[in-house]
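Following: one structure in structure tokens, then a few remarks.
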Amino acid sequence: MKLNIYSIRAIYKFEMARTWRTLMQSVASPVISTSLYFVVFGSAIGSRMVEIDGISYGAFIIPGLIMLSLMTQSISNASFGIYMPTFSGTIYEVLSAPVSYVEIVIGYVGAAATKSTILGILILVTARLFVDYQIEHPLLMISFLLLTAITFSLFGFLIGIWADTFEKLQIIPLMIITPLAFLGGSFYSIDMLPAFWQTVTLFNPVVYLISGFRYSFFGSADVHIGISLGMTLLFLAVCMGLVWWIFRTGYRLKS
Amino acid sequence: MSAVISVQGLNKVYDSGFQALKGVDLEIQSGEIFALLGPNGAGKTTLISIICGIVNPTSGTVLADGHDIIKAYREARSAIGLVPQELATDSFETVWATVSFSRGLFGKPRNDAHIEKVLKSLSLWDKKDNKIMMLSGGMKRRVMIAKALSHEPKILFLDEPTAGVDVELRREMWEMVRQLREQGVTIILTTHYIEEAEEMADRVGIIRKGEIILVDRKERLMQQLGRKQLTVHLAEPMQILPAELQGLSLELADEGYSLVYTYDANQESTGIAELLRQLNDVGIEFKDLHSRQSSLEDIFVDLVHNGQPSQLEEVAG
Numbered sequence: 064m065k066l067n068i069y070s071i072r073a074i075y076k077f078e079m080a081r082t083w084r085t086l087m088q089s090v091a092s093p094v095i096s097t098s099l100y101f102v103v104f105g106s107a108i109g110s111r112m113v114e115i116d117g118i119s120y121g122a123f124i125i126p127g128l129i130m131l132s133l134m135t136q137s138i139s140n141a142s143f144g145i146y147m148p149t150f151s152g153t154i155y156e157v158l159s160a161p162v163s164y165v166e167i168v169i170g171y172v173g174a175a176a177t178k179s180t181i182l183g184i185l186i187l188v189t190a191r192l193f194v195d196y197q198i199e200h201p202l203l204m205i206s207f208l209l210l211t212a213i214t215f216s217l218f219g220f221l222i223g224i225w226a227d228t229f230e231k232l233q234i235i236p237l238m239i240i241t242p243l244a245f246l247g248g249s250f251y252s253i254d255m256l257p258a259f260w261q262t263v264t265l266f267n268p269v270v271y272l273i274s275g276f277r278y279s280f281f282g283s284a285d286v287h288i289g290i291s292l293g294m295t296l297l298f299l300a301v302c303m304g305l306v307w308w309i310f311r312t313g314y315r316l317k318s
Numbered sequence: 004m005s006a007v008i009s010v011q012g013l014n015k016v017y018d019s020g021f022q023a024l025k026g027v028d029l030e031i032q033s034g035e036i037f038a039l040l041g042p043n044g045a046g047k048t049t050l051i052s053i054i055c056g057i058v059n060p061t062s063g064t065v066l067a068d069g070h071d072i073i074k075a076y077r078e079a080r081s082a083i084g085l086v087p088q089e090l091a092t093d094s095f096e097t098v099w100a101t102v103s104f105s106r107g108l109f110g111k112p113r114n115d116a117h118i119e120k121v122l123k124s125l126s127l128w129d130k131k132d133n134k135i136m137m138l139s140g141g142m143k144r145r146v147m148i149a150k151a152l153s154h155e156p157k158i159l160f161l162d163e164p165t166a167g168v169d170v171e172l173r174r175e176m177w178e179m180v181r182q183l184r185e186q187g188v189t190i191i192l193t194t195h196y197i198e199e200a201e202e203m204a205d206r207v208g209i210i211r212k213g214e215i216i217l218v219d220r221k222e223r224l225m226q227q228l229g230r231k232q233l234t235v236h237l238a239e240p241m242q243i244l245p246a247e248l249q250g251l252s253l254e255l256a257d258e259g260y261s262l263v264y265t266y267d268a269n270q271e272s273t274g275i276a277e278l279l280r281q282l283n284d285v286g287i288e289f290k291d292l293h294s295r296q297s298s299l300e301d302i303f304v305d306l307v308h309n310g311q312p313s314q315l316e317e318v319a320g
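Order-wise, the sequence lines are chains F and A.
For what it's worth, the numbering used here labels the leading residue of the first sequence as 64, then goes sequentially.
For what it's worth, the numbering used here labels the leading residue of the second sequence as 4, then goes sequentially.
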């Protein structure tokens with residue numbers, strides 16, 4: 064099957080234009096809020112915390128904080144990107160265009176993932192101002208960054224199509240993703256939990272993302288890197304399957 | 004001429020169970036202006052939305068530019084430009100950006116000269132760097148037309164193009180439609196204004212309750228449908244028609260305060276002058292006069308009562 068490059072580029076450019084137009088809200092605000100985490104947890108509280116696996120607490124939370132932003136921003140970018148046209152009615156044009164579902168998804172999800180990847184890198188750079196860290200496996204780190212950005216942008220795309228009110232658009236990131244990310248070891252190693260809660264935590268998919276990402280920084284993690292990668296790919300596959308189902312049935316897009 | 008759109012046995016049942024289209028068959032000839040008339044809720048927009056790929060058909064086939072709209076959707080949709088009824092535009096984009104976006108979305112390489120031509124033809128050129136949210140409703144409507152024309156479609160759908168549009172823009176749109184037709188573009192427009200169909204269309208199709216009940220050349224249809232009514236507002240109410248006026252197609256209305264005269268606008272002699280002279284002779288004084296074209300709804304009622312096409316009775320039942 065031949066991909067229609069002009070169509071993909073049109074959607075991608077359109078979505079990226081939205082990013083640049085809302086630069087303060089889309090880029091500056093997450094960078095500022097993450098910086099505040101570093102000030103509070105890294106510098107103020109972190110200086111009184113013991114090291115975890117020989118890593119200073121300030122450095123330890125970097126991967127978790129980046130993942131937290133990456134996940135929430137990917138979801139909000141992608142869900143908003145597809146929700147707005149369905150809300151304003153301009154989706155008619157995309158539906159009537161000679162584009163395949165794959166091209167629509169590449170355009171929207173690609174733009175959302177690009178934006179959150181840029182954001183992740185910005186946070187990484189910002190963190191350097193507060194704490195010293197090394198990245199042991201830079202390629203793996205970039206792969207995890209991209210994989211997470213794409214997976215959660217796809218997930219956001221699904222939410223954007225499912226949501227028929229602004230409230231629904233917010234509810235999953237707020238009620239599910241943020242708690243899972245906080246409880247998934249952004250700020251602590253799951254070894255620090257009582258045994259029972261360690262087991263419970265293993266049902267939290269975000270644990271695998273954060274753990275894998277942390278491994279790429281420090282070469283050690285709660286969960287084996289292979290399992291981390293596997294779980295992330297599994298979640299990606301589930302999202303892709305759902306997107307495929309949506310377009311096949313026209314769910315919420317076509318009557 | 005060959006058919007550029009061919010609809011066969013098209014049915015649409017929405018999830019709610021509402022059947023919007025019932026076995027629609029329709030052929031649109033290449034290069035014509037076709038007006039689809041029908042009251043609100045008749046299925047005009049559903050029909051267009053299916054052809055353009057926005058709504059899934061329940062059964063039946065549609066060929067656009069010779070391509071099946073589902074199996075060969077890329078080829079079929081590339082040939083079609085759609086201006087929907089609802090005003091739906093981006094807000095923060097500029098006119099230029101949104102029209103260029105549409106061209107790219109339809110898989111065409113960038114062509115600034117073409118976009119410039121389209122914007123100029125719609126008097127949008129001096130607004131090209133304005134954000135869409137700054138434009139008036141009429142201007143937004145033009146932007147939507149520009150988007151539909153950005154990829155040089157062979158077939159243009161205009162769904163209620165002049166609903167809520169001022170007279171000037173309506174005239175400009177009619178002019179634009181004629182120019183497009185000269186360039187060989189096939190135009191399908193829906194409307195519930197009979198004047199619009201009269202002004203523009205080569206052929207007219209009438210849809211009602213999901214069925215196409217009549218397709219004919221405009222001239223023939225106008226002869227059948229072009230009835231007008233003259234209402235004479237009387238100074239004094241009248242209980243019965245005076246003998247002198249019996250035999251004319253007159254009716255009393257408004258509790259005897261109005262006389263309604265029905266005539267055929269296409270006839271050489273409408274009989275209006277004669278009627279007024281007779282009123283004068285009989286000594287009936289009147290305060291005001293007004294005439295109106297029969298509305299589409301009236302025409303449907305006429306069609307049903309005259310029992311013209313046989314299936315009308317079933318539709319009405």
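Glycine included, C-beta positions come from ideal geometry on N, C-alpha and C.
Note that the structure is a prediction, hence the values are computed from the model and not measured.
For a cutoff of 8 Å on Cβ pairs, would you count valine 58 of chain A as touching chain F?
Chain F contact via Cβ: present.
Please classify arginine 144 of chain A as buried or exposed, where buried requires at least 16 neighbouring CB atoms within 10 angstroms.
By the neighbour-count criterion, in which a residue is buried when 16 or more other Cβ atoms sit within 10 angstroms of its Cβ, arginine 144 of chain A is buried.
The beta strand (DSSP E) enclosing serine 206 of chain F, as first and last residue numbers:
In the DSSP assignment, serine 206 of chain F falls outside any beta strand (DSSP E) and within the unbroken alpha helix (DSSP H) covering 201-225.
Closer than 7 Å at the beta carbon, the chain A residues around threonine 153 of chain F:
Counting only Cβ-Cβ distances below 7 Å, threonine 153 of chain F has contacts in chain A at Ala91, Thr92, Asp93, in chain order.
Whole angstroms are fine: how far does the CA of lysine 65 of chain F sit from the CA of valine 141 of chain A?
Note on identity: in this sequence residue 141 of chain A is glycine, with valine being the wrong assignment. Computed Cα separation, rounded: 39 Å.
Beta carbons nearer than 7 Å to chain F: which residues of the stretch 107-120 of chain A have them?
Considering only beta carbons, the part of the stretch 107-120 of chain A lying closer than 7 Å to chain F consists of Gly107, Leu108, Phe109, Gly110, Lys111, Pro112, in chain order.
Given a cut-off of 8 Å, decide if histidine 195 of chain A and glutamine 43 of chain A are closer than it, judged by their beta-carbon atoms.
What sits at residue 43 of chain A in the sequence shown is asparagine, not glutamine. It is a contact, given that the beta carbons lie within the stated cut-off.
Checking contacts by CB at 8 Å: is proline 87 of chain A closer than that to chain F?
Taking a beta-carbon distance threshold of 8 Å, proline 87 of chain A counts as an interface residue toward chain F.
Euclidean distance between Cα positions of lysine 25 of chain A and leucine 39 of chain A
Each residue's alpha carbon lies about 16 Å from the other.
Does the pairing of the stretch 213-223 of chain F with the stretch 139-154 of chain F give three or more beta-carbon distances under 8 Å?
Three or more pairs of CB atoms, one per stretch, sit closer than 8 Å, so the stretch 213-223 of chain F contacts the stretch 139-154 of chain F.
Could you check the C-alpha separation between serine 318 of chain F and lysine 74 of chain A for me, to the nearest Å?
So the two alpha carbons sit approximately 18 Å from each other.
Isoleucine 213 of chain F versus cysteine 302 of chain F - alpha carbon distance:
Their backbone Cα atoms lie some 10 Å apart in a straight line.
Would you mind stating whether leucine 316 of chain F and isoleucine 184 of chain F have Cβ atoms separated by less than 8 Å?
Contact: no.
Cross-chain neighbours of glycine 313 of chain F in chain A, by beta carbon under 8 Å
Against chain A, the beta carbon of glycine 313 of chain F has neighbours under 8 Å at Asn59, listed in chain order.
Top-ranked residue by Cα proximity to alanine 91 of chain A, from A:Ile51, A:Gly107, A:Lys150, A:Ile72
Nearest C-alpha to alanine 91 of chain A: A:Lys150.
In terms of residues, what are the limits of the alpha helix (DSSP H) holding glutamine 197 of chain F?
Note, glutamine 197 of chain F: premise wrong, no alpha helix (DSSP H); not H, not E.
DSSP puts leucine 192 of chain A in a beta bridge; with which residues?
DSSP, once it has assigned bridges, lists A:Ala38, A:Leu161 as partnering leucine 192 of chain A.
Rounded to whole angstroms, how far is the Cβ of isoleucine 118 of chain F from the Cβ of alanine 190 of chain F, which I believe are closer than 8 Å?
Wrong, their Cβ atoms sit about 13 Å apart, outside the cutoff.
Continuous alpha helix (DSSP H) stretch holding glycine 127 of chain F: start and end
That run of the alpha helix (DSSP H) goes 120-151.
With the cut-off set at 8 Å, would you say leucine 244 of chain A and leucine 237 of chain A are in Cβ contact?
In this structure, leucine 237 of chain A does not lie closer than 8 Å to leucine 244 of chain A by Cβ.
Arginine 211 of chain A lies in the beta strand (DSSP E); which residues open and close that run?
Note, arginine 211 of chain A: beta strand (DSSP E), 206-211.
The beta strand (DSSP E) spanning asparagine 323 of chain A covers which residue range?
Look at the range of chain A in this structure, 4 to 320, and you will see that residue 323 of chain A is not part of it.
Alpha carbon to alpha carbon, what distance is there between aspartate 116 of chain F and valine 98 of chain A?
Between valine 98 of chain A and aspartate 116 of chain F, the C-alpha separation is close to 57 Å.
Under the three-state DSSP convention, the category leucine 253 of chain A falls into:
Strand, per DSSP.
Between which two residues does the alpha helix (DSSP H) harbouring alanine 176 of chain F extend?
164-191 is the span of the alpha helix (DSSP H), which, as asked, contains alanine 176 of chain F.
State buried or exposed for asparagine 283 of chain A, treating a residue as buried only when at least 16 other CB atoms are found within 10 Å of its CB.
Residue burial annotation: asparagine 283 of chain A is exposed, with fewer than 16 other C-beta atoms found within 10 angstroms of its C-beta.
Find the residues of chain F that neighbour phenylalanine 104 of chain A, judging by a C-beta separation of less than 7 Å, and give them in chain order.
By Cβ distance, chain F contributes Ala73, Phe77.
From this set, F:Ala300, F:Val157, F:Ser291, F:Tyr146, which residue's C-alpha is nearest phenylalanine 229 of chain F's C-alpha?
With respect to the C-alpha of phenylalanine 229 of chain F, the residue from F:Ala300, F:Val157, F:Ser291, F:Tyr146 having the closest C-alpha is F:Tyr146.
Report buried or exposed for glutamate 317 of chain A, applying the criterion of at least 16 other Cβ atoms within 10 angstroms of its Cβ.
Residue placement at glutamate 317 of chain A is flagged as unreliable, the pLDDT there being 35, under the threshold of 50; the coordinate-derived value follows with that caveat. Under this definition glutamate 317 of chain A is an exposed residue.
Say whether chain A places a C-beta atom closer than 8 Å to the C-beta of valine 35 of chain F.
Missing from the structure shown is residue 35 of chain F; chain F here goes from 64 to 318 and no further.
Status (buried if at least 16 other CB within 10 Å, exposed otherwise) for leucine 182 of chain F:
It counts as buried.
Using beta carbons (cut-off 8 Å, strictly below), is lysine 150 of chain A in contact with chain F?
True, the Cβ-Cβ gap to chain F drops below 8 Å.
What residues of chain F sit near arginine 80 of chain A, judged by a beta carbon separation below 8 Å?
The contacting residues are Ser159, Ala160, Pro161.
Contact under 8 Å by Cβ, methionine 130 of chain F with isoleucine 222 of chain F:
Contact check for methionine 130 of chain F against isoleucine 222 of chain F fails: the beta carbons are separated by 8 Å or more.
Lysine 130 of chain A to serine 139 of chain A, Cα distance in whole Å?
Looking at the two C-alpha atoms, the distance is approximately 11 Å.
Spell out whether any CB of chain F is found under 8 Å from the CB atom of aspartate 129 of chain A.
Answer no: the Cβ-Cβ gap between aspartate 129 of chain A and chain F never drops below 8 Å.
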